[in-house]
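Numbering (the working numbering), first residue to last: 202 to 450.
For every residue, glycine included, the Cβ atom is placed at its ideal position computed from N, Cα and C.
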């Protein structure tokens, strides 16, 4: 009952798992705590309803949505009124200006606008930009879900491949290891096949140690995004199968 703030991710950037944020928020609120949700990884994978998550604060970065490296925090207006940020005396006292000190990065904001316009333009749905953006993200979510299912089924059929995280409730980000092969070796061999993946802990140091992978190079992370197709997934599966059947290098 002494908890004041609960921070939780909407989706793990390392393994793709999506925790039940609503349940976590409800339990936090039951003891008077507030919730701060890291939505950086989740935001590009489908429409997000911050109110439905029960989040008091939701942070994300627009580079995950094909924009520049900047970000935003979406907050319950009532919560913002409660906060008293450290600021210079001449700075505005009213919300939200009291949280935005100095000159805004106008060039980055222009990039954010362009990125949102581009994503909204992926949908032929009628309506204002908000409606078109939600329709586009819903279509992206469906597209990624189909490719993810194909990838998970394919990886599960390859002997020696161990996938990390939940089979369900996840984004289209897949982390795995191949028995007998270091992740760095796998990444290099896939790169030689023009297949781009990451290897390592992806800054999830504690998580990789919980999986027993902290001292062995972490895992391979393959991310499926909106411009990928089934052929891309098939190429990944073929490359992984080839490596799994070979001797380590």
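{"Asked": "Check whether the Cβ atoms of residue 334 and residue 321 lie closer than 9 Å to each other.", "Found": "yes"}
{"Asked": "Judging by CA-CA distance, which residue of 391, 310, 378 and 238 is the nearest neighbour of residue 412?", "Found": "378"}
{"Asked": "By the 10 Å Cβ neighbour count, where 16 or more other Cβ atoms means buried, how is residue 285 classified, buried or exposed?", "Found": "exposed"}
{"Asked": "Do you know offhand how far residue 358's Cα is from residue 437's?", "Found": "13 Å"}
{"Asked": "Counting C-beta neighbours from all protein chains within 10 Å, is the total for residue 428 16 or more, i.e. buried, or is it exposed?", "Found": "exposed"}
{"Asked": "For residue 232 and residue 226, I'd like the C-alpha separation in whole angstroms.", "Found": "10 Å"}
{"Asked": "Tell me which same chain residues have a C-beta within less than 6 Å of the C-beta of residue 341, skipping the five on either side of it?", "Found": "427"}
{"Asked": "Do you know how far the Cα of residue 328 is from the Cα of residue 354?", "Found": "37 Å"}
{"Asked": "Only counting runs of 4 or more residues, tell me where the alpha helix (DSSP H) segments fall wholly within the region 255 to 340, in order along the chain.", "Found": "278 to 283 and 307 to 321"}
{"Asked": "Taking only runs that begin and end inside the region 351 to 420, name each unbroken alpha helix (DSSP H) of 4 or more residues, in chain order.", "Found": "384 to 392 and 406 to 411"}
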